[in-house]
Amino acid sequence: MRTYTKEIKAILDNVEKVIIGKEEVITEALAALLAGGHVLLEDVPGVGKTMLVRAFSRSIGLTFKRVQFTPDLLPSDLTGVSMYNQKTSQFEYRPGPLMGNIVLADEINRTSPKTQSALLEGMAESNVTVDGEIHTLPSPFFVMATQNPIEHEGTYPLPEAQLDRFLIKVKMGYPDFHQEMKLLTRFEREEPIDTLEAVLTREDLLRMKQEVKEVHVSQAVKKYVVSLVQATRTHPLLYLGASPRASIALMKVAQAWAYMEGRNYVLPDDVKHLLVPVLSHRLILTADARYHGQTAERILEQVKKEVPVPINQDVDAL
Amino acid sequence: MMRRWIWNALAAALFACLMPPLLTLTTFDRLLPFLPMLTFPLLASHLKRLYFLGTSLLGLIISFYWVLTPGQMPWALLGEILDDVQRVLDGSLPGKPAFAFSIGLISFLVAYLARRTFPNRGFVYGLGFGILGFIAYCDTWTDYSGETFIFWPISLSLLLLYATEVNERPVASYVRPVSALLIIGAVMLAAMKTPALAADWQDSWYDFTARFQGEGEGTGGIQKVGYGNNDQQLGGPFQMDERVVFQVASEGSRYWRVETKDIYTGKGWILSQSDPEIRDEANFPMFGEDVEKREEQATFEMTRELPFVPYNGSNVQLFQGEDSQEFLIDEENQKISYLDEADRQKNYRITYDYPIYTERILATDEPVKLSDGELERYLQLPETLPERVRELAQEIVEGEETPYDRAKAIEGYFDRENFVYDTQDVPVPAEDQDYVDQFLFETQSGYCDNFSTAATVLLRSAGLPARWVKGFTGGESDVIGSAVTSYTVRNKNAHSWVEVYIEGPGWVALEPTVSFDGNGLYTIDRTNESETERANPQRDTAETEAPVRQERPQENPFEQEQASAVSQNETQLPIWPFVAGGLILLLGFIFRRQLIRMLALLYFRKRIDDPRGFGQMYRFLLHRLEKQGFRYKEGRTLRELSREVDQYYEIYAMRPLTDSYERLVYGGEALSADKKREYFENIIRRVEG
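Chains A and B, in that order, are what the protein sequence lines are. Taking the working numbering, the leading residue of the first sequence gets 63, the next gets one more, and so forth. Taking the working numbering, the leading residue of the second sequence gets 1065, the next gets one more, and so forth.
Laid out in structure tokens, this is it:
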């Protein structure tokens, strides 16, 4: 059992009223939120992705928007449009669904690359451009995009460069037998999501995000991060290793993770724990490795076992 | 899974070790029928409850069907078992069915315990010690002898312990299997080498009180070798007694005479006459006038006050300080005794004349000039002595020219005929049997009394006056550095030998007992040998070579004696430091963990409060843990390791320490956690415990 700070525990408890037995996913998504990144949820429909995001937004008292990505979705459907107001004889900006604190982008790989890039621009720049005008997105701005790994027909897989913009990728997975039983009981009479109350304010979240940046990362831990990332670049089964952006991402999520556990310094354990969610979507396997049924997750587990953990203080002298 | 099967098999095998002692104690005779009952429950101890119960029951049924009542199903015996139980409750011994059933029940309960506790080292300790204790108990108090069998339960316990470790903590470490194999090897060697030793330990229990009763006296049962007065009935086995009688500083290893006896009865020795006188010097007529003598002195340090004075040679004087003392001198048996008990000395010095014979003196063929009385005493033989003994004596001495050659021929006879030295398998002669005859023609094995008595009788049969001498051999030399300081004489050094009278040299001592070298009886001076050669030019070399080879009880002349003493010391000198060093190393190895723990606690006591020292301490701990199989390399984080360590040792110490260390290394913070020393102590006690 991990220990979390009071605030994180409150969020977790709150979310767990709706989502059962998914502590791992919830905490990882929360870490991404605190680190100021976005989450890619890869899973089949119906496992509670939407529920998770809604529970999140309710718990923190944030606005929640949801976009169902379809092939005919246009960028303006996301960003909003300028409409002519006949009364004032002026174009008025009508915000699209992207103008929310937490945005669920459902089945992101179903829409055209053009629309995808509009979303990704928003994710990267925290603002959108409509008719030449720049509109700043609300803060915090947190995208949870889902992607269905089963269906490939009529999809536009996200290019690696764009996947790189997601801080972490998590998988919900099915609940086990008992969890599902529990789920049924809970949903028998009511919709628990309706009774969720906010345990944090938006201001709290912004303060926490600021505090995350203060978490100390020692030279030893940095060394560990770099060793891990570099190991993916030389790995024989990987066609493309992780980018320096991945190193930064790994460090930042690790900071958030340490913060959530109430520490003001990062441990190698944090980095090790987050290696798979942070890096797995950023790697490309060689054709040979894919043919032999290897997965990025499996390779990363291997890397974890091979890269030694720095345990000496002396590296601080670097 | 495989691991568990192996564990089960080992546990079952260990448990089955219970049976061999039981078989020897009961009327059951075969082990095999019991095996299903004993092993099935343990073998199935990890299966689901139903299978476990089923297999156990199956084992019980098979065993019962096989062992007790061929063809009869066990439930048919149920009534019998119940009757049996009733009888036991009434106070009588259980019958076969109840006994076998209770063994089955015990094996089931043990298996159930294994099932509930697995993997648990406590269970293995319990089982191992239980079995070993049971075997030891049976070995000590019953007819069962487990000296060689005990090797199996010991090695099985060790293997099972290791298997438990493997099941508890699946970290490969070669230290344990290798050390386990080494221990097993050592145990195996010890088991092969020590049965005799073990028997001695065991028997010393029984004879613990007997030790204090006499000094080798008594005729029935097992005797202790030691100095005793009663020699009327010789024979029977004895035990070596290691108790020290005295320590003596002398000019070489010497035989120490106590007394002689003259009348052989056919069963043992008695003294014909005794005539003690009070004198301050014992000048027994031992040697002829031509014999060269050297005055020697010896300083005795007795463990207990003896009633007699051991001595060597003639012209004996006893000193305490500078004063010589008076004692009872008996010329008939050459015994020196104290006047009364108050006179007995613990520390004293004697001077005596030690004979140095020459070849020429020994080679005389003068007729014996003893008085008639003496001749009668020293040529006495019992009427009952079988004729074949006399015939053998004639046969041995045939062709020998001088009396000395004849005596040497008899002395060497036993060695030539491959008689065996043995203290155990020596019978007491039957009512109508002669002691010497039995030894010479039947047993041909025995100890000093057999050899010396037989030699005396043979000498007398060959017409040579001879007497039987009792005393002590030289004992072990106590060496310090390169110098022999003294000799330690123990009860086991009590000895008997022979003296033969030859006109000229006088009474010459012989050592007929095989495996004794007679070193310290007298010295033969060979510097005159060339003169002898010149004096007897007709003697060819083969003749002179022959006695030299046979003459075991010889000693080199004084100059050479020292050289031999040095060479003897050269081989003895290095043993001391090697043994001591080896012992220290062994102790160090055995207690290495305690040693490491102590040094570590001492070293880090103060340093632990300083960040640098704390880091050192933590890395030292990691190093020691790695020796125990907890590897911190290759992608394991300290936190993961600490969790595992605490779990394994069932403590809470490594995690708080790791916490502090993490803070130091990754957090860049100062040390905070107090109780560090306590945690460190806790964990090092477990790791090096």
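Where a beta carbon is used, it is the ideal one built from N, C-alpha and C, also for glycine.
Output the distance between the C-alpha atoms of residue i and residue j, rounded to the nearest integer angstrom.
| i | j | result |
| --- | --- | --- |
| Val1643(B) | Phe1653(B) | 15 Å |
| Val80(A) | Pro254(A) | 6 Å |
| Ile196(A) | Ala349(A) | 42 Å |
| Arg344(A) | Arg1719(B) | 34 Å |
| Lys1325(B) | Phe1483(B) | 24 Å |
| Val192(A) | Glu265(A) | 28 Å |
| Arg1158(B) | Asp1093(B) | In the sequence as displayed, the identity of residue 1158(B) is Pro instead of Arg. The straight-line gap from Cα to Cα measures roughly 17 Å. |
| Met1662(B) | Phe118(A) | 55 Å |
| Pro1491(B) | Glu1506(B) | 10 Å |
| Leu380(A) | Lys275(A) | For Leu380(A), the predicted structure reports a pLDDT of 39, less than 50, and the residue's modelled location is therefore unreliable. A value from the coordinates is still provided. Rounded to whole angstroms, Leu380(A) to Lys275(A) spans 22 Å at the Cα level. |
| Glu1356(B) | Gly1646(B) | 47 Å |
| Tyr1577(B) | Phe1515(B) | The question names Tyr, but residue 1577(B) in the sequence shown is Thr. Near 5 Å, if we compare the C-alpha coordinates of Phe1515(B) and Thr1577(B). |
| Asp1339(B) | Gln1497(B) | 32 Å |
| Asp1267(B) | Gln1297(B) | Caution is warranted here: a pLDDT of 38 is assigned to Asp1267(B), below 50, making its placement in the model unreliable, and the coordinate value is therefore given only provisionally. Taking the straight line joining both Cα atoms gives about 24 Å. |
| Ser1757(B) | Asp1407(B) | The question about residue 1757(B) has no answer, for chain B in this structure spans 1065 to 1753. |
| Asn1755(B) | Leu1223(B) | Any question about residue 1755(B) goes unanswered here, given that chain B covers just 1065 to 1753. |
| Gln241(A) | Leu1191(B) | 43 Å |
| Asp1429(B) | Gly1570(B) | 12 Å |
| Leu1370(B) | Glu1464(B) | 42 Å |
| Gly1278(B) | Gln1508(B) | Annotation note: pLDDT 40 at Gly1278(B) (below 50); position unreliable, coordinate value reported separately. Approximately 28 Å, taken between the alpha carbons. |
Bridge partners of residue i, per DSSP?
| i | result |
| --- | --- |
| Lys371(A) | Per the sequence presented here, residue 371(A) reads as Val, with Lys not at that position. DSSP, once it has assigned bridges, lists no residue as partnering Val371(A). |
| Leu103(A) | Thr208(A) and Val232(A) |
| Gly1840(B) | Coverage of chain B is limited to positions 1065 through 1753, which leaves residue 1840(B) absent and any answer about it impossible. |
| Ala1313(B) | Thr1363(B) |
| Met145(A) | Glu154(A) |
| His278(A) | Tyr327(A) |
| His354(A) | Its beta-bridge partners do not exist; DSSP assigns none. |
| Val1308(B) | Arg1554(B) |
My guess is that residue i and residue j are in contact by the Cβ rule of under 8 Å, so how many angstroms apart are they, rounded?
| i | j | result |
| --- | --- | --- |
| Glu1396(B) | Leu1335(B) | 7 Å |
| Ala308(A) | Val340(A) | 7 Å |
| Met1681(B) | Phe1694(B) | In fact, because the Cβ distance is near 16 Å, the residues do not count as touching under 8 Å. |
| Tyr1499(B) | Gly1300(B) | Not really, about 11 Å apart at Cβ, beyond 8 Å. |
| Leu1107(B) | Asn1072(B) | 5 Å |
| Arg1413(B) | Gln1361(B) | 6 Å |
| Leu96(A) | Lys271(A) | 6 Å |
Could you tell me which chain B residues have their CB closer than 8 Å to the CB of residue i, listed as they occur along the chain?
| i | result |
| --- | --- |
| Ser280(A) | Val1729, Tyr1730, Gly1731 and Gly1732 |
| Val283(A) | Tyr1730 |
If I follow the unbroken alpha helix (DSSP H) through residue i, where does it start and stop?
| i | result |
| --- | --- |
| Val129(A) | Unbroken run through Val129(A) is the beta strand (DSSP E), Phe126 to Gln130; no alpha helix (DSSP H). |
| Ser119(A) | Lys111 to Ile122 |
| Phe1198(B) | Arg1185 to Trp1205 |
| Glu69(A) | Lys68 to Glu78 |
| Ile1414(B) | Note, Ile1414(B): premise wrong, no alpha helix (DSSP H); beta strand (DSSP E) at Asn1411 to Thr1422. |
| Leu1099(B) | Leu1099 to Leu1107 |
| Leu1224(B) | Phe1215 to Glu1232 |
| Asp168(A) | Element bounds for Asp168(A): not the alpha helix (DSSP H) but the beta strand (DSSP E), Ile164 to Asp168. |
| Gln1150(B) | Leu1142 to Leu1153 |
What residue does the beta strand (DSSP E) around residue i start on, and which one ends it?
| i | result |
| --- | --- |
| Pro1340(B) | Pro1340 to Arg1343 |
| Tyr1713(B) | That residue, Tyr1713(B), is in no beta strand (DSSP E); its alpha helix (DSSP H) goes Leu1702 to Tyr1713. |
| Ser201(A) | Per DSSP, Ser201(A) belongs to no beta strand (DSSP E) and is neither H nor E. |
| Met1366(B) | Glu1356 to Met1366 |
| Phe1172(B) | Careful: Phe1172(B) lies outside any beta strand (DSSP E), inside the alpha helix (DSSP H) at Lys1160 to Thr1181. |
| Asp1394(B) | Phe1391 to Asp1394 |
| Thr191(A) | Asn189 to Val192 |
| Lys1399(B) | Lys1399 to Ser1401 |
| Ala1573(B) | Gly1570 to Leu1574 |
| Ser1378(B) | Ser1378 to Gln1384 |
| Leu302(A) | Leu300 to Leu302 |
Taking residue i as the query, report the chain A residues whose CB atoms sit under 8 Å from its CB, ordered along the chain.
| i | result |
| --- | --- |
| Thr1701(B) | Leu329, Pro330, Asp331, Lys334 and Val371 |
In chain A, which residues lie with their C-beta within 7 Å of the C-beta of residue i?
| i | result |
| --- | --- |
| Glu1726(B) | Leu329 |
| Glu1708(B) | Neighbours of Glu1708(B) on chain A: none; closest Cβ ~13 Å, over 7 Å. |
Taking Cβ-Cβ distances shorter than 9 Å, what residues in chain A pair up with residue i?
| i | result |
| --- | --- |
| Glu1698(B) | Lys367, Glu368, Val369, Pro370 and Val371 |
Whose Cβ in chain B lies nearer than 7 Å to the Cβ of residue i?
| i | result |
| --- | --- |
| Val77(A) | None at all; the shortest Cβ gap to chain B is about 26 Å. |
Quick check: is the beta carbon of residue i nearer than 8 Å to any beta carbon in chain D?
| i | result |
| --- | --- |
| Asn374(A) | Structure shown: chain D not included; protein chains present are A and B. |
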